[in-house]
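If you count the sequence shown from 1, you need to add 10 to reach the numbering used here.
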Amino acid sequence: MYILGISCYYHDSAACLLKDGELVAAAQEERFTRVKHDFSFPCNAIQFCLEHESIKEKDLDFVVFHEKPFLKFERIIKAILSTYPKSCGLFSKVAISWLKDKLWVKAVIAEYLDIPGNKILFSNHHFSHAASTFFCSPYKESAILTVDGVGEWATTTLGIGKAYWEGCGQNEIKTLEEIRFPHSLGLLYSVFTAFLGFKVNNGEYKVMGMSAFGEPKYVDKIYEVLKVNSDGSFKLNMKYFSYHHSTRYSFNSNFVKLFGKSRKSDIRFTLDKDHYFYGNAMPTEEEIKENRRFADIAASIQRVTEDVLIKIANYLYSKTRVENLCLAGGVALNCVANYKVFKNTPFKRIFIQPAAGDSGGALGAALYVWHCLLNKPRKFIMRHASWGKSYSYDEIKGFLNSRDISYKEFADDKDLINYVSEALVGQKIVGWFQGRFEWGPRALGNRSILADPRRIEMKDNINIKIKFRELFRPFAPSVLQEYAQEFFDVENLGEYHPSKFMLYTVPVKDKEQIPAVTHIDGTSRIQSVDKKDNPLYYKLIDSFRQKTGMPLLLNTSFNLRGEPIVNKPQDAYDTFVKSNLDMLVLGNFIIERNGSF
11 MYILGISCYY
21 HDSAACLLKD
31 GELVAAAQEE
41 RFTRVKHDFS
51 FPCNAIQFCL
61 EHESIKEKDL
71 DFVVFHEKPF
81 LKFERIIKAI
91 LSTYPKSCGL
101 FSKVAISWLK
111 DKLWVKAVIA
121 EYLDIPGNKI
131 LFSNHHFSHA
141 ASTFFCSPYK
151 ESAILTVDGV
161 GEWATTTLGI
171 GKAYWEGCGQ
181 NEIKTLEEIR
191 FPHSLGLLYS
201 VFTAFLGFKV
211 NNGEYKVMGM
221 SAFGEPKYVD
231 KIYEVLKVNS
241 DGSFKLNMKY
251 FSYHHSTRYS
261 FNSNFVKLFG
271 KSRKSDIRFT
281 LDKDHYFYGN
291 AMPTEEEIKE
301 NRRFADIAAS
311 IQRVTEDVLI
321 KIANYLYSKT
331 RVENLCLAGG
341 VALNCVANYK
351 VFKNTPFKRI
361 FIQPAAGDSG
371 GALGAALYVW
381 HCLLNKPRKF
391 IMRHASWGKS
401 YSYDEIKGFL
411 NSRDISYKEF
421 ADDKDLINYV
431 SEALVGQKIV
441 GWFQGRFEWG
451 PRALGNRSIL
461 ADPRRIEMKD
471 NINIKIKFRE
481 LFRPFAPSVL
491 QEYAQEFFDV
501 ENLGEYHPSK
511 FMLYTVPVKD
521 KEQIPAVTHI
531 DGTSRIQSVD
541 KKDNPLYYKL
551 IDSFRQKTGM
561 PLLLNTSFNL
571 RGEPIVNKPQ
581 DAYDTFVKSN
591 LDMLVLGNFI
601 IERNGSF
């Protein structure tokens, strides 16, 4: 049986395919269209899933959409009516976008796939989130917490999941409590994202990175716009916000009066004349003062987010008394908060699948049909993130020859690994392209830029010369799993730990050893690498260890600022040409900047 899951029309559209209840393919549309956070109907991702299994549209048993459009439309219309006449502009935009495509998703799916309407099903947005994490986890029973901007009505749900693996039983995800729009922790974080000069649904991780440079001096002011109860339930004071009646602005003049002037997106972030300077002019005292204010605001919203999540999680534990916790929703990509939740709650194990945001809803919707509607037993656990498209030896070689690109070919993986690890020891920055691209927003060793983590200048070199991005952005270490506890304050590492998907930020034990992957606050967003899940990447890191004694590499996503992570060999080569990468590894082929081949 084949079940296709689809998410689209907000951000990060995606498709995934289950075969007899097991995931076989999953991808975000942006990887194919090269439009970051592409929200359009995922034609290319769907075709990839079908081609991966060599099936046609008629072979699909069910197609399931990740949310219920009419319920979402109801919420939007009610918000417009309740805020009229401020919402006049919003109404015209909603009418155009919803009446054209969004409201008629079933017809769009039926026409595109040429399938009958009785094969098309719908899930609830937060139920899809919950299913995406619980039914990918190894647990028979788990507390489930989903937190994002907004689905149909819910913005936060607390629940419990139960499932059977063999024999007869009943799979169940039960929602215990929920918080509804307009009160949203995810939207609150996005408001501060916009206030700090970043794009909503794109720059939240930049706020998280910036927060490490500040002090949480504005926490009390945030609690003037956010009332939080002892159980973690909360309400926003809507007099400070405009996202519920405007598509252009998320905060208003009251918000500005409370927090000061907002940051423009094009100003540089510099806090120190000696260490965080870039640009052509030395920063002024006034510029530094303003940037410190912004960093303190970022630190404050990060602290509040962590505190609220900890309260909610503790309350959820008191309701369920289950020691497993599954997290999902866009807020579950806040890897700093995830670690704080683990350290400050009774939960002993946490699971988060790598596409925790809206793209993961496609997976959750498909799993919901298999396990809850059809009540099929579980047999799938997400052990890795390599669910995207791969390219064969012939495809890579054909591309290189078609462009008349000089390369060296390695017939043996051992020789390839040795050559690349020698280059990394020699301070080369390497574009690493192998196998199927990753599911979710993190590069986990298949589409990665790699470097030596021991040299502090490597951080600025990659930010300035390779990624062309802000200097406050940190880099992650990929560490061999069995060595992780020697370098990082992390416990209970296992096959299903969030660190496998780069979803934990943990303290570094000796930041002098690995300065290029240690953030300003002494932490790292680690990826623990298991030999079983990515053997080639493991061998590369281990080869670097044998040469240097260091069992980890700097790993950042293989893309330039503002672009999606690379998909095909041409994407990787174009990025290589436009950046200052020293070496590009495409499968068993190597291209070097000096053109020696």
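Ideal placement from N, C-alpha and C gives every residue a C-beta, glycine not left out.
Note that this is a predicted model, so its numbers are computed, not measured.
- Across the set K184, I16, R446, N128, the C-alpha of K184 shows the shortest separation from the C-alpha of I154.
- With respect to A486, T566 sits close: the two C-beta atoms are nearer than 8 Å.
- Per DSSP, the beta-bridge partners of Q537 are S488.
- Annotation for Q556: the continuous alpha helix (DSSP H) segment containing it runs 545–558.
- In the three-state reduction of the DSSP assignment, A309 falls in the helix class.
- The straight-line gap separating the alpha-carbon atoms of F145 and N181 is approximately 10 Å.
- In the three-state scheme derived from DSSP, where H, G and I count as helix and E and B as strand, T43 is classed as helix.
- As the crow flies, the alpha-carbon of Q437 is around 7 Å from that of A461.
- With contacts defined by Cβ atoms closer than 8 Å, R571 and K216 do not form a contacting pair.
- Under DSSP, C26 takes part in a beta bridge, and its partners are G15, A36.
- Spanning the alpha carbons of R273 and C178 requires a straight line of approximately 57 Å.
- In this structure the segment 125–144 touches the segment 376–385; the number of beta carbon pairs closer than 8 Å is three or more.
- The DSSP assignment places complete alpha helix (DSSP H) segments of no fewer than 4 residues inside the segment 430–518 at 467–471, 494–497, in order along the chain.
- Excluding its 5 nearest sequence neighbours in each direction, E316 has C-beta neighbours in its own chain below 6 Å: A347, K350, listed in chain order.
- Rounded to the nearest whole angstrom, the C-alpha separation of N334 and E188 is 19 Å.
- In the assembly as shown, S412 is an exposed residue. Its beta-carbon has fewer than 16 other beta-carbons within 10 Å.
- Per the coordinates, the alpha-carbon of L513 lies some 20 Å from the alpha-carbon of K521.
- Positions of the alpha helix (DSSP H) runs, each at least 4 residues long and wholly inside the segment 326–364, are given as 345–353 in order along the chain.
- About 7 Å separates the beta carbons of F279 and M220, which is inside the 8 Å limit, making them a contact pair.
- Around the beta carbon of S260, 16 or more other beta carbons lie within 10 angstroms, which makes this residue buried.
- With a 10 Å radius around the Cβ and a threshold of 16 neighbouring Cβ atoms, A421 comes out exposed.
- When the Cα atoms are used, L60 and I90 turn out to be separated by approximately 40 Å.
- Close CB contacts of K358 within its chain, under the 6 Å cut and outside five residues either way in sequence, are with E333 (chain order).
- Per DSSP, E121 is one residue of the alpha helix (DSSP H) stretching across 115–123.
- When Cβ pairs closer than 8 Å are counted between the two stretches, the segment 226–236 is seen to touch the segment 299–310, the count reaching three or more.
- When beta bridges are read from the DSSP output, R190 appears opposite A164.
- Of the other Cβ atoms in all chains shown, 16 or more fall within 10 Å of the Cβ of W397; this residue is therefore buried.
- Burial is judged here by how many other beta carbons sit within 10 angstroms of a residue's own beta carbon; M392 has at least 16 and is buried.
- A residue is called buried once 16 or more other Cβ atoms fall within 10 Å of its Cβ, and S538 is buried on that count.
- The shortest CA-to-CA distance from G99 to any of L206, L410, T257 is the one to T257.
- A173 is positioned such that its CB atom lies closer than 8 Å to that of K150.
- Residue pairing by DSSP puts N565 in a beta bridge opposite L460, A486.
- With the rule of 3 Cβ pairs closer than 8 Å, the segment 16–28 counts as touching the segment 47–65.
- When C-alpha distances from P192 are compared across N262, A105, K88, the shortest belongs to K88.
- In the three-state scheme derived from DSSP, where H, G and I count as helix and E and B as strand, F279 is classed as coil.
- For M392, the three-state secondary structure derived from DSSP is coil.
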